[in-house]
Structures are given as structure tokens and as C-alpha cells.
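Heads up, the thing below is written out as C-alpha cells.
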Amino acid sequence: MKKVNILSYLSVFSLLFVIVYFVISPIFLLIQGLLPESHTVALRLYESFREVSSVSIIGQFLRGLAFALIFYPFLEFFLKNRRGKLIMFLSMWAVALIGSVEPQPGSFEGIIYTFITFWEHLLVILAVAIQMGVFVLLFFKLMEYFNKEKKQVKKEKEEVLELDSKKIKKYSMRFLVVHFLTYMIVGSIFYEISGYGEALETMEIFKLWRPQEEIVSVLLVFFGQIFRGLFLALLLYPFYHLYINKKNGWLLLFLLMFGLTALGSPLFLTEFILFEGTLIDFFKELVIGIPEIFSQMLVFSLIFFFWQKRVELKSN
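Structural data, given as C-alpha cells:
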């Protein structure tokens, strides 16, 4: 396969991402506008899809750029694998939205932590599925068009994933254990030191959150993270053989985890640049969430990678 020029790749990926987003966005907003206001409280608050503006264009360009950078180390894998389109689609839709670290419409975290309605979740899930499906199909078409050796690529698409059920089961259990423990421990530490209690009472984005002390909320967090951990483990398994045998494979795993579930979220980068208020207010909001997410993903990636690496060495 001809080596892809990184600047051309990043430009095409990001611009195409912006174009597809703003094709889907007006349709989503039209449907949202036809629904009663009482049924769209979360949709209007979180704004998974926005009207065309300088902020939304820059936000979606940065989001597309983030996806492009995350996928660049795996680009050859996507193009050679017969299921490359499906794997990229699931990464951009299921991992980045449903498995996102942000409690928002369409995500497990949104179900666990907020009172967002079923229909709001469903509408965002379907809209993002269409958005990412269209994007992936167009992106692969463009890659084939620009690749003069596309016939050779097609021949090499016979590469298949290793699907050993016992290995996947053990891998998933280790992934779940490390995910659950790092999520709970790191989350508890940051809840105590980062002023989450005050933020929950004052920041508008938290007004739909469930009371965290109730038993229902505790059970949702406990069982929700078990389900979310297994969900992420299975969706990220196709990348396993690409990072596990590399010296700095933990960094690739961190890139996938933090990049997809945080930077790939419909809200994260747009909200980051949508800053109002003083610089002090900006830094106050910055310490709510981002350091916790970064730390949890980093600790997870290090522990899981070296544990799994040790298992691989023993099995060989």
C-alpha cells in the first residue's frame, strides 16, 4: 500500500468530517424542533448537534482532527482489513458516543448519571450512527480514489481477526477488572479533591443529574460500569494485536481510550473552546472532569497493558 501523506490525510479526514456533520445537523435540529419542548430539555441543554457557527465549525474540525490523529497509527489496518469500515464505524459511533466518558444524550454515562429521557438518548444514537456511517463510507471511497495501488489493497484485505473465544473472554475479564477499579478509585479521589459537590450545585450542565447519594444512583454506577467495561473491551478488541506487542503499546491503548471516549465525544472539544467568563472561571471548569478522565485512562492503560503483556509472554 502506498504510504499516506499525513497532512493530506488529516486535511481530507477533518474537512469531510465537518461537511458530513453539517449535512446531518439541520435534519436533526428540524426533528428536534418538531418535538414538544418538555421532551427535548437535554437535547437543548447539551446540543449534540448545533447550527452552523464559527464555534461549531472549529469544534467539529478539531473533533475530526482528533479522530484522524487517533486512527493514523491504525490506518493501514483499517484499509487492509475486510471489516475495516465496520471497525472504524463502531469506534466513531459506539465507543466515542455510547461508551463516552461524558454523561450526555446517547451515552451509558448519560443513562447512569442523568435523567435524560429514553427518546432523547435514542434520537442522538440514531443521528450519530447515520453521521458516522455516511462519513466512513465516503472516507473509504476517497482513500480508494487517492490510492493508486487500490487493487493491491483489495488483495491484502484477506487479513482476518483472531477470534479465540477463550482468549477474548479472559482478555475481557481483565479489561473489566482494571476498568472498574481504576474508574472507582480515581473517581473517588477526584470527587474529594476537585470540588465536584459545588460544581453539581452551580453549573448548568449538571442540572439534570441524579442525586448521587440515592441507592438507585449507586447501583446504576456499579452495574453500569460493569456493562460499560465489557462493552469497551469487546469494541476495542480489534486493535489488541496492534498494540500488545509494541514496546510503547500502552500509549496506543491510552490514545484509543482517551482519544475516542473523550476527544471523540460530540460535546468535549466544542464545549472546551466555547468559553465564556473570566480566565479564572475557565481554569475552574477545566479542573472539573478533565484531570480525572486523563488520569483514569492513563492508569488503566498502564496497568492493563503490562498485565496483559505478562500474560502473553507466559502463554508463549
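The end of the sequence shown is residue 318 by my numbering, with every number in the run present. Each residue gets a CB set at the ideal place from its N, CA and C atoms; glycine is no exception.
Every alpha helix (DSSP H) of 4 residues or more that sits fully in the segment 63 to 103 is shown, in chain order, as 77 to 82 and 86 to 92. With contact defined as three or more Cβ pairs closer than 8 Å, the segment 68 to 81 and the segment 35 to 48 are not in contact.
Burial state of Phe-19 is buried, judged by a 10 Å Cβ sphere holding 16 or more other Cβ atoms.
Distance from the CA of Phe-192 to the CA of Met-186, rounded to the nearest whole angstrom, comes to 10 Å.
Between Ala-68 and Leu-271, the CB-CB gap stays under 8 Å. By the criterion of at least three beta-carbon pairs nearer than 8 Å, the segment 240 to 247 is not in contact with the segment 122 to 136. DSSP assignment within the segment 108 to 140 yields the following whole alpha helix (DSSP H) runs of 4 residues or more, N-terminal first: 110 to 115.
Per DSSP, Ile-33 is one residue of the alpha helix (DSSP H) stretching across 8 to 36.
Between Gly-226 and Ile-295, the C-beta spacing is not below 8 Å. The beta carbons of Trp-252 and Phe-307 sit about 4 Å from each other, so the pair counts as a contact at 8 Å. With contacts defined by Cβ atoms closer than 8 Å, Ala-70 and Ser-16 form a contacting pair.
Between Gly-101 and the set Arg-84, Lys-87, Phe-80 and His-123, the nearest pair of CA atoms involves His-123. From the listed residues Glu-53, Thr-42, Ala-235 and Leu-47, the smallest Cα separation to Phe-182 is found for Ala-235. Rounded to whole angstroms, the gap between the alpha carbons of Lys-171 and Asn-83 is 23 Å. The C-alpha of Met-299 is placed about 6 Å away from the C-alpha of Met-259.
The C-alpha of Phe-233 is placed about 13 Å away from the C-alpha of Val-103. The distance from the Cβ of Phe-117 to that of Arg-212 is about 6 Å, consistent with a contact at the 8 Å cut-off. Distance from the Cα of Lys-209 is smallest, within the candidate group Gly-112, Lys-143, Phe-274 and Asn-250, for Gly-112.
Under DSSP, the beta-bridge partners assigned to Trp-211 are Thr-116. Each residue's CA atom was taken as its position, placing Ile-228 and Arg-46 some 30 Å apart. A distance below 8 Å separates the beta carbons of Ile-305 and Val-180. Short of 8 Å from the beta carbon of Val-301, and not among the five residues preceding or following it, lie these beta carbons of its own chain, in chain order: Thr-184 and Val-188.
With respect to the 8 Å criterion, Ile-292 and Val-57 are not classified as neighbours on the basis of their beta carbons. Cβ contact annotation for Ala-264 (same chain, cutoff 7 Å, sequence separation greater than five): Val-103, Phe-270 and Ile-295, in chain order.
Looking at Lys-168, Ala-44 and Glu-49, the one whose alpha-carbon comes closest to that of Ser-27 is Glu-49. Residues of the same chain with a CB within less than 8 Å of the CB of Trp-309, apart from the 5 flanking positions on each side, are Arg-176 and Val-180 in chain order. Pro-293: member of the alpha helix (DSSP H) spanning 292 to 317, first to last residue. In this structure, DSSP gives Glu-146 a helical state, which the three-state scheme calls helix. Taking Tyr-23 as reference, the option from Ser-297, Glu-273, Pro-268 and Leu-315 with the minimal CA-CA separation is Pro-268. In this structure, the alpha-carbon of Ile-59 lies about 34 Å from that of Asn-250.
The beta carbons of Phe-51 and Leu-31 sit closer together than 8 Å.
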